[in-house]
Amino acid sequence: MRALPLQRGAAIGLLILALSATPARATLIDNLDGTVLDDVSGLVWTKNANLAASNTFGVGGIAATGRMTWDTAQAWIAAMNAANYLGFNDWRLHTITDTGAPGCDFAFTGTDCGYNVDLGTGELADLWYRALGNIPYYDTSGNGPQAGWGLTNTGPFDNMQSDYYWSGTEYAPSTVNAWTFHTDRGYQDLNLKTNLFYGWAVRTGNAGVPLPGTALLLGLGLLGLTARRRLA
Numbered sequence: 168m169r170a171l172p173l174q175r176g177a178a179i180g181l182l183i184l185a186l187s188a189t190p191a192r193a194t195l196i197d198n199l200d201g202t203v204l205d206d207v208s209g210l211v212w213t214k215n216a217n218l219a220a221s222n223t224f225g226v227g228g229i230a231a232t233g234r235m236t237w238d239t240a241q242a243w244i245a246a247m248n249a250a251n252y253l254g255f256n257d258w259r260l261h262t263i264t265d266t267g268a269p270g271c272d273f274a275f276t277g278t279d280c281g282y283n284v285d286l287g288t289g290e291l292a293d294l295w296y297r298a299l300g301n302i303p304y305y306d307t308s309g310n311g312p313q314a315g316w317g318l319t320n321t322g323p324f325d326n327m328q329s330d331y332y333w334s335g336t337e338y339a340p341s342t343v344n345a346w347t348f349h350t351d352r353g354y355q356d357l358n359l360k361t362n363l364f365y366g367w368a369v370r371t372g373n374a375g376v377p378l379p380g381t382a383l384l385l386g387l388g389l390l391g392l393t394a395r396r397r398l399a
């Protein structure tokens, strides 16, 4: 059997390594159309995290700052969908899932309410903690403030506020309240619907295909170089 040329063999080896390796770390992708895709969750967020301050879609009761009550936030989302904003009519507020017994199971880690929550319970919590890598006020043992806490990374988003954002999820034990997420402290809890907080539109898209890793790109480059030299 003829041995493969050294360069070609190295390139094939790198390709095999790349194809068997863990996919490259996922990213937030600016779609350049006013939206950002989280290619892990598959969610598509408006790039402007305080869109209501500049576009009310004709809904009254929205302050110049973009703050609004929960009911007004629901009306704003409905108007956005009626306007077929950016070509879509399935916009909504982020959701929070109440796990275990109904209500806030407050803890400093691992539940649906508090700090360092189970990221499966909150779409905005997942974005804030995982995708953006922000640090909450308290650590998992309840010690705080942590070094570097707060909304220190907003990624590709514009106008992300350090405050409460409404979810679209009512608080089941008392529906005068709704679930919220605080983007400064990393805190998921509930608040009266009459409070003035921010709304952020999101829709369910599709998780993207992982980007090729460095080893794969290098391997392809070496194969191309080898082929070019053989033809020369």
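The numbers in the numbering used here rise by one with no breaks, and the one at position 61 of the sequence shown is 228.
For glycine and all other residues, C-beta sits at the position ideal for the given N, C-alpha and C.
Here the structure is a predicted model, which is why all the values come from computation and not from measurement.
Item, Value
"Which value, in whole angstroms, describes the spacing of the CA atoms of tryptophan 367 and aspartate 272?", "25 Å"
"Shortest alpha-carbon distance to serine 221 belongs to which of Lys214, Ala231 and Gly227?", "Ala231"
"Taking the beta strand (DSSP E) that threonine 347 falls in, what are its first and last residues?", "344-349"
"Ignoring anything shorter than 3 residues or poking outside the region 206-292, list the beta strand (DSSP E) runs there in chain order.", "210-213 and 280-282"
"For the beta strand (DSSP E) containing tyrosine 354, list its first residue and its last residue.", "354-359"
"Out of Thr223, Thr213 and Glu290, point me to the one whose CA is closest to phenylalanine 348's CA.", "Glu290"
"Quick check: the Cα distance between isoleucine 229 and leucine 195, rounded to an integer number of angstroms?", "29 Å"
"Taking one C-beta from the region 328-338 and one from the region 256-264 each time, how about it: are there three or more such pairs within less than 8 Å?", "yes"
"Out of curiosity, what's the CA-to-CA distance linking leucine 384 and asparagine 326?", "Bear in mind that a pLDDT of 45 at leucine 384, under 50, signals an unreliable position, so the model cannot answer this."
"Of the residues Trp212, Gly201, Leu357 and Thr202, which one's Cα is nearest the Cα of tryptophan 295?", "Trp212"
"Report the residue from Val207, Tyr282, Thr371 and Lys360 whose alpha carbon sits nearest the alpha carbon of methionine 235.", "Lys360"
"Are the CB atoms of asparagine 320 and asparagine 301 within a distance shorter than 7 Å?", "yes"
"Can you tell me the Cα-Cα spacing of leucine 204 and glycine 270, whole angstroms?", "31 Å"
"Rounded to the nearest angstrom, how far is the Cβ of leucine 357 from that of tryptophan 346, given a contact under 8 Å?", "6 Å"
"As a quick exercise: from Tyr252, Gln328 and Tyr354, pick the residue whose alpha carbon is nearest that of threonine 278.", "Tyr354"
"Looking at threonine 288 and threonine 307, is the spacing between their C-beta atoms short of 7 Å?", "no"
"Who does arginine 370 pair with in a DSSP beta bridge?", "Val211"
"Just curious, the beta strand (DSSP E) that tryptophan 333 is in, first and last residue?", "331-337"
"Which partner residues does tyrosine 365 have in the DSSP bridge list?", "Tyr332"
"Taking aspartate 257 and asparagine 248 to be in contact with their CB atoms under 8 Å, please state how far apart those CB atoms are, rounded to whole angstroms.", "7 Å"
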